[in-house]
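Everything on this sheet refers to the single structure shown next.
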Amino acid sequence: MKAIIIIFLANLSLISSLEFYQGNNVTTSDLKELRKLLFITRGYDKFARPIPKSDIFRVAIDYSLIHISSFDLRSQTLTTNGWLFYQWHDESLVWDTTGLKHIKNLRVPSDQIYLPDLMAYNAMEYNKQKIVNTNAIVYSNGAVIWVPPMTLKALCSVDLSKWPYDEHICFIKFGSWTHDGLIMDVYPMNKTNPGLLKDIWKNTEFEISYINVTRVEKYYDCCKEPYPSVSFFFRVQRRPNLYHYIISLPAFVAIISSLITFWFPIRSNIRFVLNSFSFLTLTLLLLYLGTHFGFSSLGVPVAVWLTIAYNTSLLKCTIPMWTMRFTKPLLQMYRNTEHETIQLTQSEQLHDTTKKSSQPNAEDLTFIIDKVIFIVFALTIVINAIV
708 MKAIIIIFLA
718 NLSLISSLEF
728 YQGNNVTTSD
738 LKELRKLLFI
748 TRGYDKFARP
758 IPKSDIFRVA
768 IDYSLIHISS
778 FDLRSQTLTT
788 NGWLFYQWHD
798 ESLVWDTTGL
808 KHIKNLRVPS
818 DQIYLPDLMA
828 YNAMEYNKQK
838 IVNTNAIVYS
848 NGAVIWVPPM
858 TLKALCSVDL
868 SKWPYDEHIC
878 FIKFGSWTHD
888 GLIMDVYPMN
898 KTNPGLLKDI
908 WKNTEFEISY
918 INVTRVEKYY
928 DCCKEPYPSV
938 SFFFRVQRRP
948 NLYHYIISLP
958 AFVAIISSLI
968 TFWFPIRSNI
978 RFVLNSFSFL
988 TLTLLLLYLG
998 THFGFSSLGV
1008 PVAVWLTIAY
1018 NTSLLKCTIP
1028 MWTMRFTKPL
1038 LQMYRNTEHE
1048 TIQLTQSEQL
1058 HDTTKKSSQP
1068 NAEDLTFIID
1078 KVIFIVFALT
1088 IVINAIV
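Using the numbering used here, the first residue of the sequence shown is number 708, and each one after it goes up by one.
Structure, rendered in structure tokens:
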């Protein structure tokens, strides 16, 4: 596959030299004579089948992905830039090299020869599959090689359950738009190493980690003939380095703030402030994730579930503190009513004294519970970080 691309690029870079130095002193007039023989004298018809009707027209195809333009999670579409490789045989473009100064190949605009009607079946925008009118290389034995650049926007199945370490399998399916497998057959040009991973331009957010190609013959209910197609599969993997700073850093600060709160008394103002700060920070992270992912993706990231669960636990810890803080003045007002102004009896005073003496024990119990929860919470965070 790589050798084909190198040879093709070398041919493109040496168009002028090849046209004038093929064989024995090939001149422009010789090339004009050959074009006249093929397209005028023989009456070449670019709409006619290039082989006899009884034979199957076979087209080899390959797709070399060059760059990932974008990967839209909301619409689940992958936009790629690459080269399409077509190779077929055209019997109407065969000539004898001995009588034409050994001219072995000729470059012809692609709109002047027969082109197979191969299209991407799962492309999003068919009217925008514009193929650049590049030259095709025609050889004396009738072999035709055509390598047009193309931008494709194909559908993908998105799974964000492991975000930001998510991977997505996308594919582009090519086949004839109007011909069945008995008239036109399509097969991969290179089954073992399709495409090129080394020549892909790096994308700041995604990378291609695997490429595979398969050929499938499908039978539809409407027709008895098979319809072959070639699918190129891409494993799109996210680069998580950027999200370590956007997501991990604020989440780490919120977790540390929550751990510190366990070392403060239950009625401490600092504890209330730190828990409120952690709750607001994680709420903003949830808003960011919801805006970034949208609602059409498949799978909810584990980070979202953890953030929701953690926010819920913070809410349960913060609301009791908030209610104790703001209900205390109400209780004081209630005690100042006429019923509470009566002096307490000695037995009641003794009861209050006993109750007050028992409060430190409750506070000690709360302190111990806080330390136990701190240890469990810290161990959970460490285990999740390691796993």
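Glycine residues also receive a C-beta, built at the ideal position from the N, C-alpha and C atoms.
Buried/exposed call for residue i, threshold 16 Cβ in 10 Å
i, result
"Ala-961", "buried"
"Val-1089", "exposed"
"Lys-860", "buried"
"Arg-974", "exposed"
"Phe-754", "exposed"
"Ile-907", "buried"
"Trp-802", "buried"
"Ala-827", "buried"
"Ile-775", "buried"
"Tyr-872", "exposed"
"Tyr-917", "exposed"
"Phe-959", "exposed"
"Val-854", "buried"
"Leu-741", "buried"
"Leu-994", "exposed"
For residue j and residue i, believed in contact at Cβ under 8 angstroms, the rounded distance
i, j, result
"Ile-763", "Ile-890", "7 angstroms"
"Ser-936", "Gly-882", "4 angstroms"
"Pro-757", "Asp-797", "4 angstroms"
"Arg-942", "Ile-876", "6 angstroms"
Between the CA atoms of residue j and residue i - distance to the nearest angstrom
i, j, result
"Ile-844", "Leu-807", "17 angstroms"
"Gly-789", "Pro-856", "6 angstroms"
"Phe-663", "Leu-949", "The displayed coordinates of the chain run from 708 to 1094. Any statement about residue 663 would go beyond what the structure contains."
"Ile-954", "Leu-996", "9 angstroms"
"Ser-965", "Leu-981", "7 angstroms"
"Gly-888", "Glu-924", "8 angstroms"
"Ser-821", "Leu-745", "Note that residue 821 is Tyr in the sequence shown, not Ser. Distance between the alpha carbons of Tyr-821 and Leu-745 is about 13 angstroms."
"Tyr-669", "Asp-769", "No statement about residue 669 is possible, as the shown extent of the chain runs from 708 to 1094 and does not include it."
"Phe-969", "Leu-992", "23 angstroms"
"Asp-737", "Lys-880", "41 angstroms"
"Lys-1078", "Thr-787", "54 angstroms"
"Phe-778", "Val-766", "30 angstroms"
"Asp-892", "Thr-1087", "58 angstroms"
"Leu-772", "Asn-842", "20 angstroms"
"Pro-823", "Trp-884", "9 angstroms"
"Trp-870", "His-951", "11 angstroms"
"Pro-816", "Cys-929", "37 angstroms"
"Trp-795", "Ala-850", "6 angstroms"
"Thr-734", "Thr-858", "37 angstroms"
"Val-1083", "Ile-963", "14 angstroms"
"Leu-813", "Lys-739", "10 angstroms"
"Asp-752", "Asn-897", "30 angstroms"
"Glu-874", "Asn-910", "15 angstroms"
"Leu-791", "Asn-840", "13 angstroms"
9 angstroms Cβ cutoff, residue i in contact with chain E
i, result
"Val-1089", "Among the chains of the structure shown, chain E does not appear; only one protein chain is present."
Contacting residues, own chain, Cβ-Cβ under 6 angstroms from residue i (five flanking each side not counted)
i, result
"Thr-988", "Pro-957 and Ala-961"
"Phe-971", "Ile-977 and Arg-978"
Own chain partners of residue i with C-beta closer than 7 angstroms, once the 5 adjacent residues on each side are dropped
i, result
"Tyr-926", "Pro-933"
"Leu-862", "Gln-783, Thr-784, Asn-829 and Met-831"
"Glu-914", "Gln-944 and Arg-946"
"Ile-967", "Leu-981"
Close beta carbons around residue i, own chain, < 8 angstroms, minus the five adjacent residues each side
i, result
"Arg-749", "Ser-799"
"Glu-1095", "Beyond the ends of the chain as shown, which are 708 and 1094, falls residue 1095; an answer cannot be given."
"Phe-1081", "Leu-966, Phe-969 and Trp-970"
Next on the checklist: As an exercise, report each continuous beta strand (DSSP E) stretch of at least 3 residues that is fully enclosed by the segment 915-991, in chain order.
Outcome noted: Runs of the beta strand (DSSP E) inside the segment 915-991: 934-945.
Checklist entry - Considering only residues of the segment 825-883, which uninterrupted alpha helix (DSSP H) runs meet the minimum length of 4 residues and lie entirely inside it, listed in chain order? => result As far as the segment 825-883 is concerned, it has no whole alpha helix (DSSP H) run of at least 4 residues.
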